[in-house]
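The next block holds one structure in the form of structure tokens; read it before the comments.
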Amino acid sequence: MKIHLQSYLLRINLNKDKMKKVYLALATLIGSCSLAQAQFADDSVSIGAGYTNQSYYSLENGEIDNIDNTDWDLAFSTGGYGYTFRVNGGKGTTAWLYPNGDTSAWNTVDTSGITTWSKLTNSIAYWSVGALSKPADPNDAFDMGWGVYDLTTHHVTGDRIFILQTRGGNYKKLVVESLISGVYTLKMADLNGSNETTVDLTKANYADKNFGYYDIDNAQALDREPYSSDWDLVFTSYAEPIVGYGPYSVTGVLANAGIELMMLYPINDPFSDQDTLQGTFTDSIATIGREWKAYDFAIGGYVIADSTAYLIKTANGDVWQMVMTGFSSSEGKFVFSKKKLDLSTGVNDVAASAGFINAYPNPAKDNLTLAFDLNGTQTVNYALYDLSGKEITNRIQTVSGFSSIQFSVSEFPAGVYFIKVAGDDFNATQKIIIQ
3 MKIHLQSYLL RINLNKDKMK KVYLALATLI GSCSLAQAQF ADDSVSIGAG YTNQSYYSLE
63 NGEIDNIDNT DWDLAFSTGG YGYTFRVNGG KGTTAWLYPN GDTSAWNTVD TSGITTWSKL
123 TNSIAYWSVG ALSKPADPND AFDMGWGVYD LTTHHVTGDR IFILQTRGGN YKKLVVESLI
183 SGVYTLKMAD LNGSNETTVD LTKANYADKN FGYYDIDNAQ ALDREPYSSD WDLVFTSYAE
243 PIVGYGPYSV TGVLANAGIE LMMLYPINDP FSDQDTLQGT FTDSIATIGR EWKAYDFAIG
303 GYVIADSTAY LIKTANGDVW QMVMTGFSSS EGKFVFSKKK LDLSTGVNDV AASAGFINAY
363 PNPAKDNLTL AFDLNGTQTV NYALYDLSGK EITNRIQTVS GFSSIQFSVS EFPAGVYFIK
423 VAGDDFNATQ KIIIQ
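Quick note on numbering: the sequence shown equals residues 3 to 437 in our numbering.
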């Protein structure tokens, strides 16, 4: 039985935009032949009752860090070209753009009517688009959301006022006054202007990490996340806009920047599907997200979709298959199985180039599959030769993205052959054995 994915608040279909990108995927790379040599490993992480923590996770090395997720309000980008600010929406921090004036209205801020203002939320597609970036004019390349970039000085100067409710329930007005030479300068005060402070946050203090953090109520900068090169996924709470509810705290899985993902849905068996399907990797960080689980009021717990799996391409090029298998709300426990896909050629050498991954199984008996990871759509020519150099078969096919071609070799005599594969921008040759 396939379980329809839904929020326990709303009976909604899978995110349509996401599905456009990841309709069907290369299940032959998960279930058969040389790739099946890898075995699934079961694992779990817990983020605590009330989902108070977050777990940074490496597919290769397991849990890297499990830390308190209730100690911060603002996260600020630390990359050389980063400028965004995210809010801790999953734990109650809320942001609004002040609609009644620019920074010149600092001394006359009036929040009457705030309940009718639209709340700002972080993007759940990209880490680089935080809540304070959302007001940016999409037609102005120099509008950073909270300020304007100067092409001459390379400074960003703040031009907007934000109202924040901290996770502790306190209201503050905020201006990010500038970003100069890697230092953000923030001005904050109570709504009536009292307790005004200026804070400098230096990117270099958080080198090789995605974000630095700031706790508004305790006026404390925080160095709290692991190095960005050490983790692939984070199990956490975050705010997601829900139609009819606005930003709502949800619990799910987000991917690190630089990770590519593919959703395999629907597949008959996430662990051993043999169908030849195709799909495309996406860099949307919430590709796994929250929708693999749904609360069932009849049983008083979560049910997990049994027709869904994920492919995850890490920053070093490894591809993993991941299947979510359980969730316990009482302890914030995520249960899953993972497997690194063996895309190597074993004892047989391949003169490889970008685009062509492997021909498998090797040796082959009935069918040979050619696996690709292409940029866009290409016309691929593949030809089989015997040891004398005689061409046995030659075929042309259009191939897109992360996909495969399968063809029968059962009619060819047993022996050693070479498969030559060429696309618009690559050539590869691999020795294969037909049994």
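Each residue gets a CB set at the ideal place from its N, CA and C atoms; glycine is no exception.
On a predicted model such as this, the values are computed, not experimentally measured, just so you know.
Nonlocal neighbours in the same chain, by C-beta distance under 6 Å from Asp368, ignoring five residues either side: Correct list, in chain order: Ser412.
Closest residue to Tyr267 among Val325, Lys315, Ile301, Ser251 (Cα-Cα distance): Checked all of Val325, Lys315, Ile301, Ser251; the closest Cα to Tyr267 is Val325.
According to DSSP, residues forming a beta bridge with Met190: Leu176, Thr199
DSSP-derived helix/strand/coil call for Ala385: strand
Residues of its chain near Asn71, where Cβ-Cβ distance is below 8 Å and the 5 sequence neighbours each way are ignored: Ile49, Tyr53, Thr54, Asn55, Gln56, Asn90, Gly92, Lys93, Thr238, Ser239
Assigned exposure category for Arg397 - 16 Cβ within 10 Å defines buried: exposed
Short Cβ contact (7 Å threshold) for Asp234 with Asn212: No, the Cβ-Cβ distance between Asp234 and Asn212 is not below 7 Å.
Own chain residues within Cβ distance below 7 Å of Pro228, not counting five before or after: Tyr58, Ile66, Asp67
Distance CB(Gly403)-CB(Leu370) smaller than 7 Å: no
The region 94-109 in contact with the region 155-168 per 3-pair CB rule at 8 Å: yes
Buried/exposed call for Gln167, threshold 16 Cβ in 10 Å: Label assigned to Gln167: buried.
Distance cut-off 6 Å: Val236 Cβ against heavy atoms of the ligand PLP: With respect to the ligand PLP, the structure shown offers nothing to examine, as it has no ligands at all.
Length of the line joining the Cα atoms of Thr110 and Glu198: 14 Å
Selection from Met264, Gly84, Gly291, Ile269 that minimises the alpha carbon distance to Glu242: Gly291
Secondary structure of Asn270, DSSP reduced to three states: Coil.
Counted within 10 angstroms of its Cβ, other Cβ atoms place Ala206 as buried (16 or more) or exposed: exposed
Neighbourhood of Asp44 by C-beta, 7 Å cutoff - its chain only, sequence neighbours within 5 removed: Ser339, listed in sequence order.
Which listed residue (Ser46, Gly334, Gly184) has its alpha carbon closest to that of Ser79: Cα-wise, what sits closest to Ser79 is Gly184.
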